[in-house]
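Q:
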Amino acid sequence: MDRKLRAIVFDMGNVLMTFDGPTLAAHFTSTPEDTVLLNDAVFGSTSWALLDSGTISYETMARVAAAHLPERLHPNLTECLEHWPEFSEPIEAVNDLGIRLKGEGYKVYVLSNANTNIMRQLGHAPVTPLLDGYLVSARERIMKPDPAIFSLFCERFNLAPESCLFVDDNADNCEGARVAGMHAYHFTGDVAELEATVRALG
Numbered sequence: 005m006d007r008k009l010r011a012i013v014f015d016m017g018n019v020l021m022t023f024d025g026p027t028l029a030a031h032f033t034s035t036p037e038d039t040v041l042l043n044d045a046v047f048g049s050t051s052w053a054l055l056d057s058g059t060i061s062y063e064t065m066a067r068v069a070a071a072h073l074p075e076r077l078h079p080n081l082t083e084c085l086e087h088w089p090e091f092s093e094p095i096e097a098v099n100d101l102g103i104r105l106k107g108e109g110y111k112v113y114v115l116s117n118a119n120t121n122i123m124r125q126l127g128h129a130p131v132t133p134l135l136d137g138y139l140v141s142a143r144e145r146i147m148k149p150d151p152a153i154f155s156l157f158c159e160r161f162n163l164a165p166e167s168c169l170f171v172d173d174n175a176d177n178c179e180g181a182r183v184a185g186m187h188a189y190h191f192t193g194d195v196a197e198l199e200a201t202v203r204a205l206g
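Structure representation (structure tokens):
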């Protein structure tokens, strides 16, 4: 394959799979007020970020979340933690692009700030069976946007940074990838523009 760009590296949340804390919490509550409480205790909490960083376990995060909720919402919390990945839906157009690019000979990866149970969510993405690999912050104890995680990714999969395009919905994460020498695309929902970027680099 005689091309400059060799690998497309996708973020998971809001790139390959939907992720919105309030929307997820609403599936497990019956009032807007309770939705706010549950989201703040789980997806919007410091503990969620610590979980993704590999600093605390899922069980510890659950205990901290319970401590921030009235007891009447503890069953809702249990249901949420058990079933929320079922409500994270594939972003079909991005998955379709990833599948097409894989068929054209590009390598396709995922690099995500996520907990060690990532496959509960990523496993629903149509592109997942075709991935050449994935790297998860909680397992490595490094999080985006730290350039170190992008350098580790390239070392792990024996890729030159300049041969990779990183795609993320967070601009700071894209900047971290650029510092590490990768190309980066800030995804805001325009799949045609993303594909045009791939073609321009490729």
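According to my numbering, the sequence shown is numbered sequentially starting from 5.
We treat Cβ as the ideally placed atom computed from N, Cα and C, and that holds for glycine.
1. Quick check: the Cα distance between residue 104 and residue 154, rounded to an integer number of angstroms?
2. Ignore the nearest five residues each way along the sequence and tell me which others in residue 13's own chain have a CB closer than 6 Å to its CB.
3. Residues in the same chain with beta-carbon distance under 7 Å from residue 185, minus the five sequence neighbours each way, listed in chain order, please.
4. Would the region 65–73 count as touching the region 87–107 if we require 3 or more Cβ pairs under 8 Å?
5. To test your reading of the DSSP string, which unbroken beta strand (DSSP E) runs of 3 or more residues are found completely within the region 124–187?
6. Taking DSSP as the reference, what is the three-state secondary structure of residue 74?
7. Taking residue 137 as the reference, which of 77, 110, 35, 183 has the closest Cα?
8. Grab the span of the beta strand (DSSP E) containing residue 115 for me, first residue to last.
9. Of the choices 50, 175, 108, whose alpha-carbon is the least far from that of residue 149?
A: Considering the structure as presented:
1. Here residue 104 refers to the residue found at position 100 when the sequence shown is read from its first residue. Here residue 154 refers to the residue found at position 150 when the sequence shown is read from its first residue. For residue 104 and residue 154, the distance between alpha carbons rounds to 24 Å.
2. The sequence position of residue 13 within the sequence shown is 9, counting from 1. These residues qualify, in order along the chain: 113, 115, 168, 170.
3. Here residue 185 refers to the residue found at position 181 when the sequence shown is read from its first residue. Cβ within range, chain order: 165, 166.
4. Between the region 65–73 and the region 87–107, the count of Cβ pairs shorter than 8 Å is below three; the stretches do not touch.
5. The DSSP assignment places 137–140, 168–172 as complete runs of the beta strand (DSSP E) inside the region 124–187, in order along the chain (cut-off: 3 residues).
6. In the sequence shown, the residue the question calls residue 74 occupies position 70. Coil, per DSSP.
7. Position 133 of the sequence shown holds residue 137. Ranking 77, 110, 35, 183 by Cα distance to residue 137 puts 110 first.
8. In the sequence shown, the residue the question calls residue 115 occupies position 111. Element bounds for residue 115: 111–116.
9. Numbered from its first residue, the sequence shown carries residue 149 at position 145. It is 175.
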